[in-house]
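Okay, structure first, notes after.
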Amino acid sequence: MAEAQVINGVNVAAVNELVKNVESDPKLGECRFHIKNTWSTCGQNQSKVSSFYAAKQEIPHDDPFTLNADEPPILAGHDTGANPVEHLLHALAGCLTTTLVYHAAVRGIKIDALESELEGDLDIRGFLGLSNTVRSGFENIRVNFKVKTDAENIEKLKALSKLSPVFDMTSHGTNVQVNIERK
12 MAEAQVINGV NVAAVNELVK NVESDPKLGE CRFHIKNTWS TCGQNQSKVS SFYAAKQEIP
72 HDDPFTLNAD EPPILAGHDT GANPVEHLLH ALAGCLTTTL VYHAAVRGIK IDALESELEG
132 DLDIRGFLGL SNTVRSGFEN IRVNFKVKTD AENIEKLKAL SKLSPVFDMT SHGTNVQVNI
192 ERK
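Every position in the sequence shown, counted from 1, becomes a number in the numbering used here once 11 is added.
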């Protein structure tokens, strides 16, 4: 049996097989990700990630994940975890990175090193309810990548970054429905 082609740490044959399967049965591409979040005190809360729905089935994670969130002391928190907007920046960085690495691998583009810095501008007057003209979320997010690859790959990587699901959600918006009921 031939050894699997691995580029950027990605098993290219496995990704191509996934693509082939989803092309033949689009229902395999329908995913649903979910978490359960519990508030503890002040700005502290914790999300549990134990499974997700993909390939027409609920798939448990090998080891459930716990994500902690809090606010820094300047925002009356205890600084026991990244705050929610920092988690959003992490999600964007992680998704862009994964997108670039996987899509580059499938296209035979070798990446020797990849790092990013993200920065978002947020005016807390929106969150504090002090202004109706200032939004509660980020006004702008800047993502700066440094990549060690052949020069001719840079423009290709820029185009591939647009395939990131979190990039899509943050740059084009997503419908969010909030339901609050009494426990």
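Each residue gets a CB set at the ideal place from its N, CA and C atoms; glycine is no exception.
- In this model, G40 and A87 are separated by some 42 Å (Cα to Cα).
- Within the model, the alpha-carbon separation for G148 versus D134 is close to 8 Å.
- Per DSSP, reduced to three states, the secondary structure at E166 is helical.
- In this model, P84 and S61 are separated by some 30 Å (Cα to Cα).
- In this structure, the CA atom of A115 is about 12 Å from the CA atom of E166.
- Boundaries of the alpha helix (DSSP H) harbouring H98: 95-117, taken from the DSSP string.
- In the three-state DSSP reduction, K47 falls in the strand class (E or B).
- L29 counts as exposed, since fewer than 16 other C-beta atoms from the protein chains shown sit within 10 angstroms of its C-beta.
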